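Only one structure is covered here, and it is reproduced in the block below.
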């Protein structure tokens, strides 16, 4: 089962290498009991569950080895880091992973310029581990479940950590909002997404109204003394508060997803325009529809060059079609060069040769 958690580092401990890389001593995780949404645990129910991260979970030899040289990312990738996406996601690496007391520490080496700016200028300084583990009923007091030994996949730079401020330029907390418009804007900026002024104001208004809920107006006094609430009533209020936090979280997640979708749409449009222009230049005899998708454009070029039939091309993945498209371009370019060379040869053969000049005076006078 995949998990993401989160943690922070003192700015004074940060160093910049001669190549401009940012090196930060970081606490990437710690033992304790933490809140997880039931849905994060694969449970078919709502609410929040207490999960214990024990010494066996965090300080197992295989766990420590799995985080050594783990990829450093900005935000948690949906499907984790793998061989296909690490080049696009990586902004650095985690080194020198070791146990210090109840914490798992390391050095975060941040290579990417934009990620360094996000950390240095915008205060996005917490780290969140992405890892695989199983959960089982807990033997730990006050915990519903406990984790098996964790196997690290990546470590993400995030806006708010599950482990709180003690785990810096370190797990991501999905049960607590606490995202100011400034931090959220900076965090999304790492993906090339910016909040509008209206969206910033909406977030600030929601946070303001949330902090004022339950407060009595100044000067107002209750007409009757309040009786001490019983434990069941306190529990009910806690449940209501948690439900409200979950609703706000889902709303923010939906808003962030909309922003990401909009950015992805813009990126796709830019890519489509670039591929269309490239195809029209390389394959002048092929007609491409202006509204064709990138795949449709590349398929048309590949089929036109006879590399694959239309049916064969339809069965290929996007990556295979893209590779075949590059091959088709190379074939067209080579044929163009050969035609040019052949034309020069034919013109050279057809060029009339000047008759040899004979100096008759020299010939007969000798």
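Residue numbers (full-length UniProt numbering): 1 to 366. Even glycine gets a Cβ: it sits at the ideal position worked out from N, Cα and C. As the structure is a computational prediction, the values presented were derived from the model and not from experiment.
Going by CA-CA distance only, name the one from the options that's closest to residue i.
{"i": "residue 281", "options": "332, 315, 316, 108", "result": "332"}
{"i": "residue 290", "options": "304, 270, 112", "result": "270"}
{"i": "residue 55", "options": "47, 149, 251, 112", "result": "149"}
{"i": "residue 49", "options": "268, 328, 243", "result": "243"}
{"i": "residue 36", "options": "147, 58, 297", "result": "147"}
{"i": "residue 20", "options": "102, 120, 103, 88", "result": "120"}
{"i": "residue 67", "options": "88, 153, 337, 17", "result": "153"}
{"i": "residue 129", "options": "29, 278, 335", "result": "29"}
{"i": "residue 80", "options": "262, 248, 132, 287", "result": "132"}
{"i": "residue 386", "options": "13, 97, 46, 288", "result": "With the chain running from 1 to 366 in the structure shown, residue 386 is simply not present."}
{"i": "residue 87", "options": "111, 306, 96, 97", "result": "111"}
{"i": "residue 31", "options": "140, 264, 292, 335", "result": "140"}
{"i": "residue 268", "options": "292, 248, 65", "result": "292"}
Taking the straight line between their C-alpha atoms, what separation do you get for residue i and residue j?
{"i": "residue 138", "j": "residue 33", "result": "11 Å"}
{"i": "residue 297", "j": "residue 304", "result": "11 Å"}
{"i": "residue 316", "j": "residue 283", "result": "21 Å"}
{"i": "residue 151", "j": "residue 78", "result": "17 Å"}
{"i": "residue 278", "j": "residue 38", "result": "49 Å"}
{"i": "residue 100", "j": "residue 275", "result": "52 Å"}
{"i": "residue 145", "j": "residue 308", "result": "54 Å"}
{"i": "residue 13", "j": "residue 40", "result": "34 Å"}
{"i": "residue 109", "j": "residue 310", "result": "47 Å"}
{"i": "residue 301", "j": "residue 82", "result": "31 Å"}
{"i": "residue 238", "j": "residue 255", "result": "26 Å"}
{"i": "residue 85", "j": "residue 248", "result": "31 Å"}
{"i": "residue 257", "j": "residue 264", "result": "10 Å"}
{"i": "residue 326", "j": "residue 314", "result": "17 Å"}
{"i": "residue 252", "j": "residue 262", "result": "15 Å"}
{"i": "residue 18", "j": "residue 260", "result": "35 Å"}
{"i": "residue 368", "j": "residue 65", "result": "Residue 368 lies beyond the stretch modelled for the chain, which goes from 1 to 366, so this question has no answer here."}
{"i": "residue 286", "j": "residue 306", "result": "12 Å"}
{"i": "residue 116", "j": "residue 330", "result": "39 Å"}
Any idea if residue i is buried or exposed, counting beta-carbon neighbours within 10 angstroms, 16 or more meaning buried?
{"i": "residue 42", "result": "exposed"}
{"i": "residue 135", "result": "buried"}
{"i": "residue 63", "result": "buried"}
{"i": "residue 222", "result": "For residue 222, the predicted model reports a pLDDT of 46, less than 50, meaning its position is unreliable and no value from the coordinates is stated."}
{"i": "residue 312", "result": "exposed"}
{"i": "residue 321", "result": "buried"}
{"i": "residue 91", "result": "buried"}
{"i": "residue 75", "result": "buried"}
{"i": "residue 58", "result": "buried"}
{"i": "residue 266", "result": "exposed"}
{"i": "residue 299", "result": "buried"}
{"i": "residue 319", "result": "exposed"}
{"i": "residue 16", "result": "exposed"}
{"i": "residue 246", "result": "buried"}
{"i": "residue 328", "result": "buried"}
{"i": "residue 143", "result": "buried"}
{"i": "residue 336", "result": "exposed"}
{"i": "residue 324", "result": "buried"}
{"i": "residue 52", "result": "buried"}
Can you give the beta carbon distance from residue i to residue j, rounded, assuming they're within the 8 Å contact cut?
{"i": "residue 294", "j": "residue 272", "result": "5 Å"}
{"i": "residue 158", "j": "residue 114", "result": "Going by Cβ atoms, the distance from residue 158 to residue 114 rounds to 15 Å, so no, they are not a contact pair."}
{"i": "residue 118", "j": "residue 26", "result": "That pair is no contact at about 15 Å."}
{"i": "residue 60", "j": "residue 94", "result": "Their Cβ separation, rounded to whole angstroms, is 17 Å, which puts residue 60 and residue 94 out of contact at 8 Å."}
{"i": "residue 103", "j": "residue 23", "result": "That belief does not hold up - the Cβ atoms of residue 103 and residue 23 are roughly 18 Å apart, past 8 Å."}
{"i": "residue 72", "j": "residue 155", "result": "5 Å"}
Can you tell me whether DSSP reads residue i as helix, strand or coil?
{"i": "residue 99", "result": "strand"}
{"i": "residue 323", "result": "helix"}
{"i": "residue 67", "result": "helix"}
{"i": "residue 285", "result": "coil"}
{"i": "residue 305", "result": "coil"}
{"i": "residue 293", "result": "coil"}
{"i": "residue 45", "result": "coil"}
{"i": "residue 334", "result": "helix"}
{"i": "residue 14", "result": "coil"}
{"i": "residue 155", "result": "strand"}
{"i": "residue 143", "result": "coil"}
{"i": "residue 37", "result": "strand"}
{"i": "residue 87", "result": "helix"}
{"i": "residue 57", "result": "helix"}
{"i": "residue 317", "result": "coil"}
{"i": "residue 32", "result": "strand"}
{"i": "residue 275", "result": "helix"}
{"i": "residue 300", "result": "helix"}
{"i": "residue 50", "result": "strand"}
{"i": "residue 311", "result": "helix"}
{"i": "residue 280", "result": "helix"}
{"i": "residue 238", "result": "helix"}
{"i": "residue 132", "result": "strand"}
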